[in-house]
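Engineer: Right, I'll just put the structure down here and ask away after.
Protein chains: 2
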Amino acid sequence: MKLYDWDFAPNCRRVRMYMYEKGIELPKKDVITPEIKLNDGYADYYPHYMVPMLELDDGTQIGEALSIWIYLEEKYPTPPLMGVHPVEKAMISAWERRAYDEGIVGHAEIFRNSHPNFVDRGLPGHRLKIEQIPALIERGKHRVTHYYEKLEKQLATNNFVVGDRFSVADINAVIVVDFGLALEMPVPDIYPNIQSYYDRLKDRPSVKRSMTKHMPDGTPIPQAA
Amino acid sequence: MKLYDWDFAPNCRRVRMYMYEKGIELPKKDVITPEIKLNDGYADYYPHYMVPMLELDDGTQIGEALSIWIYLEEKYPTPPLMGVHPVEKAMISAWERRAYDEGIVGHAEIFRNSHPNFVDRGLPGHRLKIEQIPALIERGKHRVTHYYEKLEKQLATNNFVVGDRFSVADINAVIVVDFGLALEMPVPDIYPNIQSYYDRLKDRPSVKRSMTKHMPDGTPIPQAA
């Protein structure tokens, strides 16, 4: 197997942190050019033209971080990161989805619609020019706030996002917070439960090792130091 | 169990079509007011304030269509709709995600950012006012086109989206096409594989029975007749 990866991409980090939690070591191939674009060869090689992508030894290409997790969870069930019992599986999925649709997508909207390197690249995976929409910066902030409000309440009675065990719902939660730090938008003080949760998790080996080191333009990210 | 539902919502239809494929019959509760808003009692009852939501007999509330599928797939494994083998599970998930992020979200962006009933409700699940962003109409069209281009190629060699069996990847694909029909944006003629695929699936019992009957303002939807 081989993982097609990009250090900065939060969706790639979802897969890296998952692998390190499981103790899975895979060759990784970074497919980003110095101009911070997926290289042309990759675009022709993988028609969905996004990262992460897991390539199996028979050439099968699995895209989408969630789908890569699903494959790896079948192959490496221990420790379980997507739940064991039906209700647990469903609740982990629901919190993973909220973190994604609200927290990760919210920060991604802020980032892609404001960063000078992403002019005309408002959506991932497109070869067409997609203009930035500055109004999405404000909307992205609403999305993130919405997630933090829910997460703050959830963490009042849970050590991890769902129950007593680290799961993919935690992977996404940590990535939402770190994406915010990279954008200089730390968790507001009105969310002490999220702050203490993050402080407990930030030195976890999988969290540290999967950390994004640089912004797309090469600027180091402070908390990754 | 009880399903909290709204006839028009594509995410609710994802659950209804799934249930009918499995032969699961559940009581449904429609929580939309005549003003096409989630009713206030529901907002207090379910803090995530979205539909669909599956409530278990012990009061557990499972939100997010994907998470409801995950729960039901464990409880009612036959016929499998999320794959059986690891690669099949991953590929169904990946196509389900593309249909969601590009096709369903694309049409939802067009709809929520243009429909007069959704002024100040640009995002679901928020009680705050979220302004419409008209530029998302064009971007939503790009998203849908992107999905259709991929799907057209995939259907050149597959009877269903993944392999030879109906799955949740097909549920989402049919819903993308029907959402487009409701918005008077049918599948363009340049995608004959999608058109013949849809023609084969549109009379499937689960597809017909789960069909949305009316637009949010009460206007009947032609293809639902």
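Those protein sequences? They're chains A and B, same order as listed.
Here the first sequence stands for residues 0 to 224, numbered as in numbering that gives the first Met the number 0.
Here the second sequence stands for residues 0 to 224, numbered as in numbering that gives the first Met the number 0.
Using N, Cα and C, we set each Cβ at its ideal position, and we do this for glycine too.
1) For the stretch 134–155 of chain A, which residues have a CB atom closer than 8 Å to at least one CB atom of chain B, in sequence order?
2) Give the residues from the stretch 53–64 of chain A that approach chain B closer than 7 Å (Cβ to any Cβ), ordered along the chain.
3) Taking only beta-carbon positions, decide if Val175 of chain B is within less than 9 Å of chain A.
4) Measure the C-alpha to C-alpha separation of Leu25 of chain A and Glu87 of chain B and round it to an integer number of angstroms.
5) Got a sec: is the Cβ-Cβ distance from Met18 of chain A to anything in chain B below 9 Å?
6) Helix, strand or coil for Gly102 of chain B? Go by DSSP, reduced to three states.
7) Using 9 Å as the limit for Cβ to Cβ distance, is Tyr70 of chain A near chain B?
8) Please report the residue range of the alpha helix (DSSP H) in which Ile61 of chain B lies.
9) Within 10 angstroms of the Cβ of Thr211 of chain B, are there 16 or more other Cβ atoms? Answer buried if so, exposed if not.
10) Using the three-state DSSP reduction, which class does Leu65 of chain B fall into: helix, strand or coil?
11) How big is the Cα-Cα spacing for Glu151 of chain B and Tyr190 of chain B?
12) If you pair each beta-carbon of the stretch 94–111 of chain A with each one of the stretch 134–147 of chain A, do three or more pairs fall below 8 Å?
13) May I ask you to report which of helix, strand or coil DSSP gives Tyr3 of chain A?
14) Suppose contacts are defined by Cβ-Cβ distances below 9 Å. Is Ser92 of chain B in contact with Ile69 of chain A by that definition?
15) Helix, strand or coil: how does DSSP classify Glu54 of chain A here?
16) Pull up the distance between the alpha-carbon of Tyr287 of chain A and that of Asp198 of chain B, whole angstroms please.
17) Can you find the residues in the same chain that come closer than 7 Å, C-beta to C-beta, to Tyr99 of chain A, ignoring five residues on each side of it along the sequence?
18) Within 10 Å of its beta-carbon, does Gly217 of chain B have 16 or more other beta-carbons around it, so buried, or fewer, so exposed?
19) Specify the secondary structure class of Ala224 of chain B as computed by DSSP and reduced to three states.
20) For Asn158 of chain A, is the classification buried or exposed, using 16 other Cβ atoms within 10 angstroms of its Cβ as the cut-off for buried?
21) Quick check on this structure: which residue in B:Glu73, B:Ile61 and B:Gly62 has the alpha carbon closest to the alpha carbon of Pro85 of chain A?
22) What number of angstroms, rounded off, separates the C-alpha of Gln60 of chain A from the C-alpha of Val30 of chain A?
23) Quick check on the burial criterion: 16 or more other C-beta atoms within 10 angstroms. Buried or exposed for Leu154 of chain B?
24) For Tyr28 of chain B, which beta-bridge partners are listed by DSSP?
25) Within the same chain, show all residues whose beta-carbon is closer than 6 Å to that of Arg15 of chain B, passing over the 5 residues directly before and after it, in chain order.
26) Start and end of the alpha helix (DSSP H) containing Met16 of chain B?
27) Using the Cβ count rule (16 or more neighbours within 10 Å means buried), how would you classify Asn112 of chain B?
Structural biologist: According to the data block:
1) Ala134, Leu135, Arg138, His141, Arg142, His145, Lys149 and Lys152
2) Thr59, Ile61, Gly62 and Glu63
3) By 1-based counting over the second sequence, the position of residue 175 of chain B is 176. Not one chain A Cβ lies under 9 Å of Val175 of chain B.
4) Residue numbering aside, residue 25 of chain A sits at position 26 when the first sequence is read from its first letter. Residue numbering aside, residue 87 of chain B sits at position 88 when the second sequence is read from its first letter. Roughly 21 Å separates the two Cα atoms.
5) Here residue 18 of chain A refers to the residue found at position 19 when the first sequence is read from its first residue. Chain B, which has no Cβ nearer than 9 Å to the Cβ of Met18 of chain A, makes this no.
6) Taking the second sequence and counting its residues from 1, one reaches residue 102 of chain B at position 103. Looking at Gly102 of chain B - three-state DSSP - the assignment turns out to be helix.
7) Counted from its first residue, the first sequence places residue 70 of chain A at position 71. True, the Cβ-Cβ gap to chain B drops below 9 Å.
8) As a first step, residue 61 of chain B must be located in the second sequence, where it is residue number 62. Per DSSP, Ile61 of chain B belongs to no alpha helix (DSSP H); it is in the beta strand (DSSP E), Gln60 to Gly62.
9) Taking the first residue of the second sequence as 1, we reach residue 211 of chain B at position 212. Burial call: buried.
10) For the purposes of this step, residue 65 of chain B is taken as residue 66 along the second sequence, with counting starting at 1. The answer is helix: DSSP assigns Leu65 of chain B an H, G or I state.
11) Here residue 151 of chain B corresponds to residue number 152 of the second sequence, with the count starting at 1. Here residue 190 of chain B corresponds to residue number 191 of the second sequence, with the count starting at 1. Distance between the alpha carbons of Glu151 of chain B and Tyr190 of chain B: 6 Å.
12) yes
13) Within the first sequence, the letter at position 4 stands for residue 3 of chain A. Looking at Tyr3 of chain A - three-state DSSP - the assignment turns out to be strand.
14) Along the second sequence, read from residue 1 onward, the residue named residue 92 of chain B stands at position 93. Along the first sequence, read from residue 1 onward, the residue named residue 69 of chain A stands at position 70. It is a contact, given that the beta carbons lie within the stated cut-off.
15) Here residue 54 of chain A corresponds to residue number 55 of the first sequence, with the count starting at 1. Looking at Glu54 of chain A - three-state DSSP - the assignment turns out to be strand.
16) The structure shown does not extend to residue 287 of chain A, since chain A is modelled only from 0 through 224, so no value can be given for it.
17) Looking up residue 99 of chain A in the first sequence gives position 100. Excluding residues within five positions, the ones whose Cβ falls inside 7 Å are Asn171.
18) Counted from its first residue, the second sequence places residue 217 of chain B at position 218. Gly217 of chain B should be labelled exposed.
19) To locate residue 224 of chain B, count along the second sequence from 1; it is residue 225. Unreliable placement is indicated for Ala224 of chain B, whose pLDDT of 41 sits below 50; the coordinate value is still reported in the next sentence. Residue state, collapsed to three classes: coil.
20) If you number the first sequence from 1, residue 158 of chain A lands on position 159. With fewer than 16 other Cβ atoms within 10 Å, it is exposed.
21) For the purposes of this step, residue 85 of chain A is identified with residue 86 of the first sequence, where counting begins at 1. Minimum Cα distance to Pro85 of chain A is reached at B:Glu73.
22) Position 61 of the first sequence, counted from the start, is the residue given in the question as residue 60 of chain A. Position 31 of the first sequence, counted from the start, is the residue given in the question as residue 30 of chain A. Computed Cα separation, rounded: 15 Å.
23) Taking the second sequence and counting its residues from 1, the one referred to as residue 154 of chain B is at position 155. Buried is the call here.
24) Here the question's residue 28 of chain B lines up with position 29 in the second sequence. Here residue 28 of chain B turns out to be Lys, not Tyr, going by the sequence shown. Lys28 of chain B is bridged to B:Tyr3.
25) Translated into positions along the second sequence, residue 15 of chain B becomes position 16. The residues are Ser209.
26) Translated into positions along the second sequence, residue 16 of chain B becomes position 17. Where Met16 of chain B is concerned, the enclosing alpha helix (DSSP H) stretches over Pro9 to Lys21.
27) Taking the first residue of the second sequence as 1, we reach residue 112 of chain B at position 113. So Asn112 of chain B counts as buried.
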